[in-house]
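Asker:
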Ligand SMILES: Cc1cc2nc3c(=O)[nH]c(=O)nc-3n(C[C@H](O)[C@H](O)[C@H](O)COP(=O)(O)O)c2cc1C
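In this note's numbering, the protein residues as written are 7 to 193.
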């Protein structure tokens with residue numbers, strides 16, 4: 007039997023992508039916010055869409071600076087992920103709060119969070135606002151990943167939690183990539 011899902015929770019049916027720590031920098035100030043609503047939308051050019059609420063400090067910083075880094079944390083950063091998603095850079099320096107380490111970006115003027123498993127550098131190409139979040143469309147200008155964690159795909163070693171990205175299920179609930187299924191031998 008299937009139960010109706012309230013419209014306010016329907017988006018959670020699409021859960022299962024890595025939660026990211028989005029770094030931005032504007033006028034020398036660096037901020038980091040947690041973002042789960044990130045989705046690839048084009049291969050050529052490589053584009054991602056990020057849904058960012060206008061009330062966030064990040065929103066205006068990114069609108070002005072037009073560059074960011076999507077850092078992908080693993081299991082050990084779960085608590086920092088929550089902190090960066092609850093406090094605002096308008097009130098507190100979240101880098102100091104979390105003790106995360108910044109490292110220079112390679113193709114953007116925005117730093118990486120060194121402790122993360124992967125870093126995707128982006129340049130904003132468009133912003134649309136079809137609902138209550140702004141959709142920032144950004145071109146991926148460079149991406150780097152820990153070789154033990156990612157090679158063509160997430161390797162998802164089942165016994166090494168620190169190499170697994172954190173998937174956001176909703177609220178304070180997260181999951182780790184589970185069992186891999188390889189269909190490459192099938193027709
Ligand atoms: C797990 C998690 C996922 C989140 N995903 C998003 C998201 O996709 N878009 C968004 O606008 N806010 C999201 N948030 C909320 C922001 O991270 C939060 O509003 C944050 O305090 C904004 O920080 P800032 O004001 O420093 O930019 C998320 C929070 C958590 C904890």
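The beta-carbon is built from N, C-alpha and C at its ideal position, and this holds for glycine as well.
Would you mind stating whether residue 128 and residue 146 have Cβ atoms separated by less than 7 Å?
Answerer: Here residue 128 corresponds to residue number 122 of the chain shown, with the count starting at 1. Here residue 146 corresponds to residue number 140 of the chain shown, with the count starting at 1. Taking 7 Å as the cut-off, the Cβ atoms of residue 128 and residue 146 count as close.
Asker: Scan the segment 48-105 and note each continuous beta strand (DSSP E) run of 3 residues or more that stays entirely inside, going in chain order.
Answerer: 53-58 and 73-78
Asker: Expressed to the nearest angstrom, what Euclidean distance is found between the alpha-carbon atoms of residue 49 and residue 15?
Answerer: The count along the chain shown starts at 1 and reaches residue 49 at position 43. The count along the chain shown starts at 1 and reaches residue 15 at position 9. So the alpha carbons of these two residues sit roughly 29 Å apart.
Asker: Rounded to whole angstroms, what is the Cα-Cα separation between residue 34 and residue 114?
Answerer: In the chain shown, residue 34 corresponds to position 28, counting from 1. In the chain shown, residue 114 corresponds to position 108, counting from 1. Taking the straight line from one Cα to the other gives about 13 Å.
Asker: Considering residue 132, what are the terminal residues of the beta strand (DSSP E) in which it resides?
Answerer: The residue labelled residue 132 in the question sits at position 126 within the chain shown. Where residue 132 is concerned, the enclosing beta strand (DSSP E) stretches over 124-134.
Asker: Quick one: grab the DSSP three-state call for residue 31.
Answerer: Taking the first residue of the chain shown as 1, we reach residue 31 at position 25. The three-state secondary structure of residue 31, taken from DSSP, is strand.
Asker: Smallest Cα separation from residue 168: which of 153, 158, 179 and 177?
Answerer: Mapped onto the chain shown, residue 168 falls at position 162. Distance from the Cα of residue 168 is smallest, within the candidate group 153, 158, 179 and 177, for 153.
Asker: Out of 110, 29 and 180, which has the shortest C-alpha to C-alpha gap to residue 65?
Answerer: On the chain shown, residue 65 is found 59 positions in, with the first residue counted as 1. Cα-wise, what sits closest to residue 65 is 29.
Asker: With H, G and I counted as helix, E and B as strand and the rest as coil, what does DSSP make of residue 174?
Answerer: As a working note, residue 174 is residue 168 in the chain shown. Here residue 174 sits in strand by DSSP.
Asker: When the Cα atoms are used, what is the spatial distance from residue 43 to residue 192?
Answerer: Walking along the chain shown from the start, residue 43 turns up at place 37. Walking along the chain shown from the start, residue 192 turns up at place 186. Rounded to whole angstroms, residue 43 to residue 192 spans 32 Å at the Cα level.
Asker: Can you tell me whether residue 142 is buried or exposed? The criterion is at least 16 other CB atoms within 10 Å of its CB, across all chains shown.
Answerer: In the chain shown, the residue the question calls residue 142 occupies position 136. With 16 or more Cβ atoms within 10 Å of its Cβ, residue 142 is classed as buried.
Asker: Does the Cβ of residue 112 have 16 or more other Cβ atoms within 10 Å, making it buried, or fewer, making it exposed?
Answerer: For the purposes of this step, residue 112 is taken as residue 106 along the chain shown, with counting starting at 1. Its Cβ having fewer than 16 others within 10 Å, residue 112 is exposed.
Asker: Consult DSSP for residue 115 and reduce its assignment to one of helix, strand or coil.
Answerer: As a first step, residue 115 is located in the chain shown; it is residue number 109 there, counting from the start. The DSSP-derived three-state label of residue 115 is coil.
Asker: Run the proximity test for residue 37: is its beta-carbon closer than 6 Å to any non-hydrogen atom belonging to ligand 1?
Answerer: Here residue 37 refers to the residue found at position 31 of the chain shown. For ligand 1, at least one heavy atom lies less than 6 Å from the Cβ of residue 37.
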